[in-house]
Amino acid sequence: MNAQAMWLNPWISGFSFAESVPQWLLTACGLVLIYCLVIVPSGAVMGYLERKLSADFQARVGPNRAGPAGVLQPVADLLKLLQKQASRDWNWREAIWLLVHTMALYSTVAVIPLGSLLLLVDTDMSAFLPFWSALVLALGTMFLGLSQGSVPGWFGGIRVAAQALAGAFPALIALLCAGIRAGGFRWSEIAAAQSSSPLLWTAAANPFQFIAFFVFVISGLVLLGIPPMDAAFSAPDIHGGVSSHLSGRKLTVFRLGRFYGFLLWSVIAVVLFLGGWELPFGLSTELRNADSPRLLQIFELCWLLSKTFLLVLVVTWIAKVNPRSRVDQVTDFAWRVLSPFSLVALIGASLVAGWGAL
Amino acid sequence: MMRGSVFSTILGYLRDVLWGIRSVWGSCLTAIPYLFGSGELSKEVTEQYPDPISSKIADDLPPRSRGFLVNDIERCTGCKECERQCPVQCICVEAEPATDDTKIWVSVFDIDFSKCVFCGICAEVCQPASLKHTKNFEGAVYELPELVASFGRGWVTPEQRLKWAKLRQQIEDDRVIL
Amino acid sequence: MIESLKTDLTQWEIGPYDHSLPGPMLLRLRLDGELIVAGEVETGFLHRGLEKALERQLWRSAIPYADRLDPEGALFGELALCLAVEEIAALAVPPRAQSIRVILSELTRISAHMGYIVRVARAVGSETMVHYVLRDREKILDLFELATGARVSLNFLRFGGVQADVTEGFIERVLEICELLRIRLKEYNDLFTYNHAFIKRTRGIGTIAPELARAFGVTGPNARASGISFDVRKEHPYSGYDFLDFEVPVGRRESQHLGDANHRFLLRLQEISTSVEILKQSAEAITSGPFALRKPEESFEVPRGEAYIRIESSRGLLGCHLVSDGGAYPERIQFRPPSLALLSVLPQLVRGIRIEDLPVVLATLDIGVAEADR
């Protein structure tokens with residue numbers, strides 16, 4: 501039990517009250533802290549960067565009124581959405597469902613890898629745990645669509661389910677590839693198998709891992725319905741699909757949930773394939789030797805997040821210049837292109853691992 | 669489909685995948701000059717409207733731009749041709765003879781810009797060229813009636829009208845005598 | 341219980357106001373899953389009584405009304421009306437005015453086709469393409485403003501000529517635009533046309549077979565994409581198109597995907613190239629001389645008579661039937677809009693496609709609801 505709150509120790513070890521507080525409470529507070537200090541701000545930053553980047557691509561200006569260069573635009577958006585009137589009356593059944601589902605979704609904050617000293621749960625199954633949050637998200641989104649009682653919502657819900665089923669298989673196989681190279685699915689093992697140099701990343705280890713990395717990222721887009729694979733949320737034909745009836749606070753919660761899913765996916769992709777949190781120039785080792793765990797935690801977190809943001813921005817770039825794919829073509833793509841390639845990658849990765857064992 | 673061998677089918681499949689990757693990559697590359705390029709491509713085309721630097725003002729518009737109409741009432745003869753030709757009946761003219769036959773008192777010359785389509789026909793048919801398009805395009809108002817622009821000289825009082833009629837009569841009489 | 345698992349057809353009404361539709365119209369769809377089994381089209385939501393309103397206008401003030409026939413290609417309505425009047429009155433338009441008319445109508449065609457590309461890009465969700473094309477369309481609208489004073493509803497053509505001579509520098513800027521479009525078209529192709537995802541989205545859906553196009557009277561780029569080589573500019577030349585050397589793009593008959601949405605899109609791109617070619621020729625060949633038969637402010641009379649005129653608008657064959665009784669007002673003006681045929685062929689096209697394809701088919705057909713409802 502103690503292991504789970506160990507990452508908090510550098511911060512609270514000096515305080516006397518820490519001994520009297522039960523461990524579970526500390527852990528829970530830590531999770532809320534991570535959610536408030538890492539995930540929500542990341543959403544704001546990414547929202548801003550995405551809009552500015554797409555504006556640059558499209559020879560536009562982008563947000564520029566709220567704050568210098570429009571940096572406060574996410575805050576302005578949030579405030580606007582929060583004060584909007586709810587389109588439907590409050591309903592306890594819906595509230596309970598939303599509460600349960602939100603808790604289920606964000607429970608995966610506990611297993612998100614954020615640094616060598618920020619590993620909340622580091623078990624043999626670690627790499628699989630956040631994976632299920634994507635499925636939880638898909639389930640909730642599907643129900644949200646189906647419960648709207650309208651044709652667009654219904655289609656949106658069905659499309660979410662179809663895409664989640666199609667994307668899950670290649671994603672799992674690609675995950676196995678990284679695990680085979682690292683020799684386990686413990687975050688620390690996966691990170692230890694890589695280094696800060698891009699040549700020593702899993703994605704660059706051999707061509708099969710490279711394929712696995714691509715398959716993992718793209719099947720994540722399929723699974724979560726991220727543009728350009730967002731047929732379930734497409735505007736021209738089904739008016740936003742699942743989110744067509746959402747507005748105000750509910751839309752904020754919905755968007756944040758979807759962003760969380762995408763962020764989680766990108767973080768995993770970076771940890772599995774792109775070198776994880778290991779700082780460049782051996783800084784990690786130096787900081788560890790210098791016994792400054794706080795600095796190590798902060799630097800590794802920032803390094804990991806900046807890699808993640810870069811990955812997210814690349815996906816945004818692709819999404820902005822490419823048309824949205826049709827849902828049957830997306831599932832087709834996932835089953836007929838991603839899945840075979842992931843299997844090839846798995847076979848290749850196993851062979852390479854077996855070769856190395858000989 | 670039994671067409672072709674297994675080998676050619678696989679080759680076709682791989683070619684298809686490769687083509688997909690290449691075309692998506694090509695699309696992505698097209699946008700890159702906009703991000704890092706210089707000159708024309710990196711220039712933002714957005715004109716931020718209430719902005720003194722980038723937004724257009726009336727002087728920036730080409731010479732023929734059809735903005736709000738203005739009528740030089742000194743030159744207007746009150747011939748009502750604009751009223752007759754206006755396709756949306758947005759011009760209302762009232763005129764009566766003034767001191768002599770050559771002078772017309774245009775008492776009402778109202779243009780309802782809430783109806784106007786800025787087609788320019790009124791300015792085109794205006795014989796004394798008193799009705800003209802300005803280049804001004806900023807005309808937002810709070811109330812609809814404020815969009816009516818009045819260029820008239822105002823209604824004539826009955827006494828004035830009587831006086832003018834007398835003057836005209838006098839001129840007429842003089843002419844007869846001559 | 342197997343009996344309770346009844347999968348019936350879904351009914352879904354889209355419209356009359358919906359952003360996936362080209363304009364106000366109502367689509368009644370019957371869906372089997374995501375497949376459209378049958379579709380009905382109801383129109384008339386944009387009926388403005390335009391033809392009746394034209395009868396209440398003086399001849400001169402009828403021209404702004406003809407602008408409103410199809411706000412996107414405003415000049416074509418004007419041109420049809422002017423040509424019809426000129427035929428009745430047997431007016432010979434001066435060559436300079438002819439050239440100006442050709443330049444303006446080809447610019448209109450390009451801007452309408454650019455609007456078309458924007459709608460297609462929006463239907464498939466390619467945001468960047470939308471912005472690039474809109475940016476370049478703006479340059480053409482600037483040209484209109486330079487020449488005529490208006491950006492959309494030009495009201496520039498007059499019976500027997502044009503309202504005014506083109507302003508200084510206009511011809512040079514037309515040539516500049518031609519050069520720019522050449523570069524931009526390549527960019528559009530790189531970004532969008534050859535994109536795998538786009539081709540997959542548009543290929544094989546909403547196919548108009550040549551027989552279908554003939555049966556429903558589909559004209560213009562849509563019919564040419566189906567392999568029917570008919571262009572009014574070639575078959576019945578007007579405004580001096582017969583003196584220009586240009587090739588009308590037609591879909592290849594042997595193509596496997598003849599007349600599908602992708603073909604229609606490609607044909608529009610080729611039409612832009614053709615228009616650029618025409619623009620260059622007429623801009624270089626423009627002669628000096630009078631721009632109209634009479635001064636614009638002079639009054640005139642249209643004699644008694646009847647005429648039917650065909651022109652090639654951006655959407656197809658635009659007909660104008662004009663009856664004059666010699667009075668101050670037109671007796672009857674009737675337009676034959678090309679979009680009406682598209683609306684009637686639409687139920688045939690939506691059968692069997694998926695609802696995600698519906699916006700794409702609607703966008704690639706380029707239906708002008710304004711001119712169809714009038």
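Protein chains in written order, with the numbering used here: chain A, 501 to 858; chain B, 669 to 846; chain C, 341 to 714. Glycine included, C-beta positions come from ideal geometry on N, C-alpha and C. These numbers come from a predicted model, not from an experiment.
* Asked: Helix or strand or just coil, what does DSSP make of proline 796 of chain B?
  -> coil
* Asked: Of all the alpha helix (DSSP H) runs that stay within the bounds of the segment 602 to 669 of chain A, which reach a length of 4 or more residues?
  -> 629 to 646
* Asked: For a contact meaning CB atoms closer than 8 Å, what does isoleucine 818 of chain A contact in chain B?
  -> Val692 and Cys696
* For serine 719 of chain A, which residues from the same chain have a beta carbon less than 7 Å from its beta carbon, with the 5 sequence-adjacent residues on both sides left out? -> Gly667, Pro670, Ala671, Ala674, Ala834 and Leu838
* To do: Closer than 8 Å by beta-carbon distance: list the chain C residues that pair up with serine 734 of chain A, in chain order.
  => Gly465 and Glu696
* Asked: Where does asparagine 739 of chain B fall in DSSP's three states?
  -> strand
* CA nearest to the CA of phenylalanine 809 of chain A, picked from A/Ile539, A/Leu531 and A/Ser516 -> It is A/Ile539 whose Cα lies nearest to the Cα of phenylalanine 809 of chain A.
* To do: State the DSSP-derived secondary structure class of glycine 645 of chain C, mapped to helix, strand or coil.
  => strand
* To do: Determine which residues of the segment 540 to 557 of chain A have a Cβ less than 9 Å from any Cβ of chain E, and write them out in chain order.
  => The structure shown contains no chain E; the protein chains it does contain are A, B and C.
* Would you kindly check if the distance between the Cβ of aspartate 407 of chain C and the Cβ of leucine 494 of chain C is under 8 Å? => yes
* So is histidine 453 of chain C buried or exposed if we call it buried at 16+ other beta carbons inside 10 Å? -> buried
* When DSSP builds the beta bridges, which residues end up paired with glutamate 353 of chain C? -> C/Arg368
* To do: Go through its chain and collect everything with a Cβ distance to phenylalanine 685 of chain A's Cβ below 7 Å, but skip five positions before and after it.
  => The residues are Asp624, Met625, Ser626, Ala627, Phe628 and Gly679.
* Partner residues on chain C for glutamine 753 of chain B, Cβ-Cβ distance less than 7 Å -> Leu398, Arg400 and Ser401
* Drop a sphere of 10 angstroms on the beta-carbon of arginine 681 of chain A, count the other beta-carbons inside from all chains shown, and report buried for 16 or more, exposed for fewer. => buried
* In angstroms with no decimal places, state the Cα-to-Cα distance between isoleucine 539 of chain C and leucine 614 of chain A. => 41 Å
* Asked: According to DSSP, what are the bridge partners of glycine 379 of chain C?
  -> C/Leu369
* Tell me alanine 817 of chain B's beta-bridge partners as DSSP assigns them. => B/Ile779
* Give the C-beta separation of leucine 718 of chain C and phenylalanine 496 of chain C to the nearest angstrom, bearing in mind that I take them to be a contact with Cβ-Cβ under 8 Å. => Residue 718 of chain C lies beyond the residue range present for chain C, which begins at 341 and ends at 714; the question has no answer from this structure.
* Option nearest glycine 546 of chain C by Cα separation, candidates C/Val700, C/Arg475, C/Thr533 and C/Arg436 -> C/Val700
* What does DSSP give as the partner residues of leucine 662 of chain C in its beta bridges? -> C/Ala647 and C/Ile673
* **Three CB pairs or more closer than 8 Å across the segment 795 to 803 of chain A and the segment 507 to 518 of chain C** => no
* Asked: Opposite leucine 497 of chain C in the DSSP bridges: which residues?
  -> For leucine 497 of chain C, which the question treats as bridged, DSSP gives the partners C/Val502.
* Where the segment 556 to 570 of chain A meets chain B: residues whose CB sits under 7 Å from a CB there -> Asp556, Phe557, Ala559, Arg560 and Val561
* **Nearest-angstrom Cα separation, counted from aspartate 600 of chain C out to tryptophan 687 of chain B** => Near 21 Å, if we compare the C-alpha coordinates of aspartate 600 of chain C and tryptophan 687 of chain B.
* To do: Give the residues of chain C in contact with arginine 732 of chain B, contact being defined as C-beta atoms less than 9 Å apart.
  => Glu485, Leu486, Ala487, Thr488, Gly489, Ala490, Ala504 and Thr507
* **Separation of valine 756 of chain B from isoleucine 428 of chain C, as counted between CA atoms** => 26 Å
* What residues from chain A crowd round alanine 378 of chain C, counting only those whose CB sits closer than 7 Å? -> What alanine 378 of chain C touches in chain A: nothing, since even the nearest Cβ is about 15 Å away.
* Asked: Straight-line CA distance for isoleucine 725 of chain B to alanine 808 of chain B?
  -> 15 Å
* Buried or exposed: which applies to alanine 857 of chain A, given that a residue is buried once 16 or more other Cβ atoms fall within 10 Å of its Cβ? -> exposed
* Asked: Does threonine 677 of chain B get closer than 8 Å to chain A when you measure Cβ to Cβ?
  -> So, not an interface residue.
* To do: Put alanine 437 of chain C into one of helix, strand or coil per three-state DSSP.
  => helix
* Assumed close pair arginine 836 of chain B, proline 765 of chain B - CB separation to whole angstroms, cut-off 8 Å -> 7 Å
* To do: Quick one: list the residues of chain C neighbouring phenylalanine 655 of chain A, beta-carbon separation under 8 Å, in chain order.
  => Glu374 and Ile695
* To do: Please report how far the alpha carbon of asparagine 502 of chain A lies from the alpha carbon of leucine 349 of chain C, in whole angstroms.
  => Residue confidence for asparagine 502 of chain A is low, a pLDDT of 44 falling below 50, so the modelled location carries little weight; the figure read from the coordinates is stated next. Answer to the nearest angstrom: the Cα atoms are 58 Å apart.
* To do: Would you give the residue range spanned by the alpha helix (DSSP H) that alanine 735 of chain A belongs to?
  => First-last of the alpha helix (DSSP H) with alanine 735 of chain A: 735 to 738.
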